[in-house]
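Right, one structure below, let's go through it.
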Amino acid sequence: MQALYTKGFTSFVKKALDLITAGIRLIMPLTRRMALAGSAFVATSLSAPRIGRGQNHSRLRFVPQSDLSVLDPVLTGAYVTRNHGMMVFDTLYGMDAAYRIRPQMVAGHSVEDDGHTWLLTLRPNLTWHDGEPVLARDCVASIQRWGIRDSLGQTLLAATAELTAVNDRQLRFRLRHPFPLLPYALGKPGTPVCFMMPERLAATDPYKPVAEMVGSGPFRFNPGERVVGARVVYDRNPAYVAREEPSSFTAGSKQAFMDRVEWQVLPDPSTAAAALMAGEVDWWEAPGFDLLPLLARNPDIRLDVPDKTGFIGTMRMNHLQPPFDNPALRRAVLPALRQADFMTAVAGEAPGSWHDGVGFFCPGTPMASDAGMDALRAPRDVEKARRAVAASGYAGQPAALLAPSDFPNLKALADIGADLLTRIGIKVDYQAMDWGSVLQRVAKTEPVEQGGWSVFHTFWSGLDQLNPAVNSSLRANGAQAGRGWPSSEALERLRDRWIAAPDEATQGRIAEQIQRQAFEDLPYIPLGQMMQRTAYRRDIVGVPSGFAAFWGVKRG
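For the sequence shown, my numbering begins at 531 and goes up steadily by one.
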């Protein structure tokens, strides 16, 4: 059997080498690095049956953006975990392709008492993957757990006087004041998503992982076939109760056509490109920009920009610990920071691949504005930044910068960020690790010398930065805020005013004030907008807009 697997890998390498001899610089030379990559591939194959081209038309082979290191979607804002959650779990409401909130697990709702009481009714016959019925009390527990970790969920729970299960299919919110964003909060696709799970799992401490992956979504997680760092497997849920409406983003039927979806973790971009072109995998979520011209020349591969709001790069600093607990030091970075440097490192010079001049809200959306943007658009001045660093009182403490070595786009941001901080006089401790380790590390609140961190870089979908309600990175409520834990009473007051605003025009004016205040407090620094491509074989149809979802996907 090992000979069979080795033969398969040899065939794969031969195809890649044929591409090189044709003059296409696709993969690295056959050095020790390639040998190690080959060994890892064979080791993965030996742990389970090899997936070869054309073996199973009901099987989809997908290369995710990174390894799935965190399974619980409440614990992290990582999109790879959100995408996993969308397969296993379902939501009370969904968002359609026009960004409108629609009923999903609920049949509908009624609103009484001038907006103070909401009664949500579940659709009949919903079941968990273990065969137990979905009950209202499961949903109550799920909302309460999620609401502790999500920024908009925190606001919803603060507005809720009582959340109870009226009977098996109905749950009721009694609110302290009207909260018209309630369906939006429960149905937004931004992380963390308000996924429903059985009460026995939802009772878990929201800062600790649930013990198992049991949801009611269109796919079942297959724990027995998971290989950490190599593979994740999902099986179609035959008991999934789909809605009658067509699928539209995260709303509608969510009908699964593939019996099995296998995530193949291939952190080396050249290996992933070779596998896609050879038909060894069907879909690559996030190919590197340097490989796009090569993929575009292949007639069997289609390229698309699934998320038209793009991905907004961010530099996130730790506000709890030195050196970036000092707001003056955070602001000192701005005069030297060029968004174009970060975006070019990620996406190159191709027109339309990125945009700079990006503030705290997604460009081209109602809340985006020029307020305070001189901080990023004025002529860049490294010496001014160096003087600001000195004037801040910075004492030379090392800044632990986390760089995900297995996530090329994020590593590019980290490399530019490290160079920038070094050039303005900050002592950088550059720490390379895989993305999963970064996610675990940034949960630590301890000082740097005790295993803590100072700064990391990431991308957020523009969907997550549409407005102050969903932009969790703008939350500044200290210990309850996301990783980095910024604290600003001024930002929090403005956010509350935005949520209570009577119309979009008023919201727009408040959003301008929020952006100006954000440039003072700097909960994070925007680094530009990237338009990420996805790549898949042309016999795959139904690839959705937005993010990597697997309902509706099938072979043509």
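Glycine included, each C-beta is placed from N, C-alpha and C at the ideal position.
Note that the coordinates shown come from a computational prediction; the quantities given were computed from them, not determined experimentally.
Practice problem: Enumerate in chain order the residues of its own chain whose CB-to-CB distance from Ala921 is below 8 angstroms, with the five nearest sequence positions on each side excluded. | Solution: Counted from its first residue, the sequence shown places residue 921 at position 391. Here the set comprises Ala858 and Ala862.
Quiz item: If you follow the alpha helix (DSSP H) that Ser991 is part of, which residue opens it and which one closes it?
Solution: Taking the first residue of the sequence shown as position 1, residue 991 is located at position 461. Careful: Ser991 lies outside any alpha helix (DSSP H), inside the beta strand (DSSP E) at Val985 to Ser991.
Quiz item: Based on Cα-Cα distance, which residue from Glu755, Ala733, Arg1013 and Ser883 lies nearest to Thr844?
Solution: As a working note, residue 844 is residue 314 in the sequence shown. Of Glu755, Ala733, Arg1013 and Ser883, the residue nearest in Cα terms is Arg1013.
Quiz item: For Arg910, which of Ala866, Phe891 and Cys724 has the nearest alpha-carbon?
Solution: Position 380 of the sequence shown, counted from the first residue, corresponds to residue 910. The shortest Cα separation from Arg910 among Ala866, Phe891 and Cys724 belongs to Ala866.
Practice problem: Let me know the secondary structure DSSP gives Phe841 once reduced to three states. | Solution: Your numbering for residue 841 matches position 311 in the sequence shown. Three-state DSSP puts Phe841 in a strand.
Quiz item: Per DSSP, what kind of secondary structure is Lys941 in: helix, strand or coil?
Solution: Reading the sequence shown from its first residue, position 411 is the one you call residue 941. The answer is helix: DSSP assigns Lys941 an H, G or I state.
Quiz prompt | For Lys784, three-class secondary structure by DSSP | solution = Numbered from its first residue, the sequence shown carries residue 784 at position 254. Here Lys784 sits in coil by DSSP.
Quiz prompt | Boundaries of the beta strand (DSSP E) in which Thr647 is found, first to last residue | solution = Against the sequence shown, residue 647 aligns to sequence position 117. Thr647 -> beta strand (DSSP E) spans Thr647 to Leu652.
Quiz item: Comparing alpha-carbon positions, which option in Leu825, Ala786 and Ala816 lies nearest Ala804?
Solution: As a working mapping, residue 804 is identified with position 274 in the sequence shown. It is Leu825.
Quiz item: Do Pro896 and Gly1038 have their C-beta atoms within less than 8 angstroms of each other?
Solution: Stepping through the sequence shown from its first residue, residue 896 is reached at position 366. Stepping through the sequence shown from its first residue, residue 1038 is reached at position 508. In this structure, Gly1038 lies closer than 8 angstroms to Pro896 by Cβ.
Quiz item: Could you give the C-beta distance for Val641 and Leu652, rounded to a whole number, given that I count them as a contact under 8 angstroms?
Solution: Numbered from 1 along the sequence shown, position 111 holds the residue referred to as residue 641. Numbered from 1 along the sequence shown, position 122 holds the residue referred to as residue 652. Contact doesn't hold; Cβ gap of about 17 angstroms is too wide.
Self-check item: Where Asp820 falls: helix, strand or coil (DSSP)
Solution: As a position in the sequence shown, residue 820 is number 290, starting the count at 1. Asp820: helix per DSSP, three-state reduction.
Quiz item: Since Pro1077 and Pro823 are thought to touch, with beta carbons under 8 angstroms apart, how far apart are those beta carbons, to the nearest angstrom?
Solution: As a working note, residue 1077 is residue 547 in the sequence shown. As a working note, residue 823 is residue 293 in the sequence shown. Note on residue identity: the sequence assigns Phe, not Pro, to residue 1077. Between Pro823 and Phe1077 the Cβ distance is about 24 angstroms, and since that is not below 8 angstroms, they are no contact.
Quiz prompt | Meets three-Cβ-pair contact criterion under 8 angstroms: the region 870 to 887 and the region 913 to 931 | solution = Between the region 870 to 887 and the region 913 to 931, the count of Cβ pairs shorter than 8 angstroms is below three; the stretches do not touch.
Self-check item: Element boundaries [beta strand (DSSP E), containing Val640]
Solution: The sequence position of residue 640 within the sequence shown is 110, counting from 1. Checking the displayed sequence, the identity of residue 640 turns out to be Ser instead of Val. Annotation for Ser640: the continuous beta strand (DSSP E) segment containing it runs Val636 to Glu642.
Quiz item: When you compare only the Cα positions, how much space is there between Ala732 and Ala671?
Solution: Taking the first residue of the sequence shown as position 1, residue 732 is located at position 202. Taking the first residue of the sequence shown as position 1, residue 671 is located at position 141. Between Ala732 and Ala671, the C-alpha separation is close to 5 angstroms.
Quiz prompt | Burial state of Pro776, where buried means 16 or more other Cβ atoms lie within 10 Å | solution = Along the sequence shown, read from residue 1 onward, the residue named residue 776 stands at position 246. Exposure of Pro776 is indicated by the presence of fewer than 16 other C-beta atoms within 10 angstroms of its C-beta.
Quiz item: Under a three-way DSSP split, which group does His885 fall into?
Solution: Stepping through the sequence shown from its first residue, residue 885 is reached at position 355. Note: His885 maps to strand in three-state DSSP.
Exercise. Tell me, please, which residues DSSP counts as bridged to Gln794.
Key: In the sequence shown, the residue the question calls residue 794 occupies position 264. Beta-bridge pairing links Gln794 to Arg761.
Practice problem: Report the three-state DSSP secondary structure of Phe1080 (helix, strand or coil). | Solution: One-based indexing of the sequence shown puts residue 1080 at position 550. Of the three classes helix, strand and coil, the one that applies to Phe1080 here is coil, per DSSP.
Exercise. Note the first and the last residue of the continuous beta strand (DSSP E) segment covering Tyr714.
Key: For the purposes of this step, residue 714 is taken as residue 184 along the sequence shown, with counting starting at 1. Here Tyr714 belongs to no beta strand (DSSP E); instead the alpha helix (DSSP H) covers Leu712 to Gly717.
Exercise. Indicate whether Asp959 and Pro934 have their beta-carbon atoms separated by less than 8 angstroms.
Key: Sequence index remark: in the sequence shown, residue 959 carries index 429 (1-based). Sequence index remark: in the sequence shown, residue 934 carries index 404 (1-based). No, they are not a contact pair.
Exercise. Give every residue of the same chain whose Cβ lies closer than 7 angstroms to the Cβ of Arg1063, excluding the five residues on either side of it in the sequence, and list them in chain order.
Key: By one-based count along the sequence shown, residue 1063 stands at place 533. Non-local C-beta neighbours of Arg1063 in its own chain, meaning closer than 7 angstroms and more than five positions away in sequence, comprise Pro817, Leu822, Leu833, Asp834 and Val835, ordered along the chain.
Practice problem: Inspect the CB distances between the region 755 to 771 and the region 722 to 741 and report whether three or more fall short of 8 angstroms. | Solution: no
Practice problem: Could you tell me whether the region 1028 to 1045 touches the region 989 to 1004, where touching means 3 or more Cβ pairs closer than 8 angstroms? | Solution: Contact between the region 1028 to 1045 and the region 989 to 1004 is present: three or more C-beta pairs spanning the two stretches fall below 8 angstroms.
Quiz prompt | Alpha carbon of Trp813 to alpha carbon of Pro739, nearest angstrom | solution = Against the sequence shown, residue 813 aligns to sequence position 283. Against the sequence shown, residue 739 aligns to sequence position 209. Whole-angstrom Cα-Cα distance: 29 angstroms.
Practice problem: Count the other CB atoms, across all protein chains shown, that sit within 10 Å of the CB of Val1071; report buried if there are 16 or more and exposed otherwise. | Solution: If you number the sequence shown from 1, residue 1071 lands on position 541. So Val1071 ends up on the exposed side.
Quiz item: Phe592 lies in the beta strand (DSSP E); which residues open and close that run?
Solution: The sequence position of residue 592 within the sequence shown is 62, counting from 1. Residues Arg589 to Val593.
Quiz item: Given 8 angstroms as the limit, is there contact between the region 654 to 661 and the region 676 to 686, that is, 3 or more CB pairs closer than that?
Solution: no
Quiz item: Near Val1083, which residues of its chain fall below 7 angstroms by C-beta distance, leaving aside the five closest residues on each side in sequence?
Solution: In the sequence shown, the residue the question calls residue 1083 occupies position 553. Once the five neighbours on either side are set aside, the close Cβ partners of Val1083 are Leu590, Phe787, Met788, Ile1070, Gly1072 and Val1073.
Quiz item: When the Cα of Arg779 is compared with those of Lys941, Ala1009 and Gly624, which residue comes out closest?
Solution: In the sequence shown, residue 779 corresponds to position 249, counting from 1. Residue 779 is actually Phe in this sequence, not Arg. For Phe779, the nearest C-alpha among the options comes from Gly624.
Quiz item: Just to confirm, does Arg1027 get its C-beta within under 7 angstroms of one of the non-hydrogen atoms of the ligand MG?
Solution: With respect to the ligand MG, the structure shown offers nothing to examine, as it has no ligands at all.
Self-check item: Residue of Asp855, Arg868, Leu605 and Gly981 minimising C-alpha distance to Val723
Solution: Translated into the one-based positions of the sequence shown, residue 723 becomes position 193. Among Asp855, Arg868, Leu605 and Gly981, the Cα nearest to that of Val723 is on Leu605.
Self-check item: Euclidean distance between Cα positions of Gly568 and Pro797
Solution: Residue mapping note: residue 568 aligns to position 38 of the sequence shown, counting from 1. Residue mapping note: residue 797 aligns to position 267 of the sequence shown, counting from 1. Bear in mind that a pLDDT of 36 at Gly568, under 50, signals an unreliable position, so the number given afterwards is only what the model happens to contain. Going from the Cα of Gly568 to the Cα of Pro797 covers about 13 angstroms.
Quiz item: For Asp660, which of helix, strand or coil comes out of DSSP?
Solution: Taking the sequence shown and counting its residues from 1, one reaches residue 660 at position 130. The answer is coil: DSSP assigns Asp660 none of H, G, I, E or B.
Self-check item: Same chain, Cβ closer than 8 angstroms to Thr874, neighbours up to 5 away in sequence not counted
Solution: Locating residue 874 in the sequence shown gives position 344, counting from the first residue. Here the set comprises Trp884.
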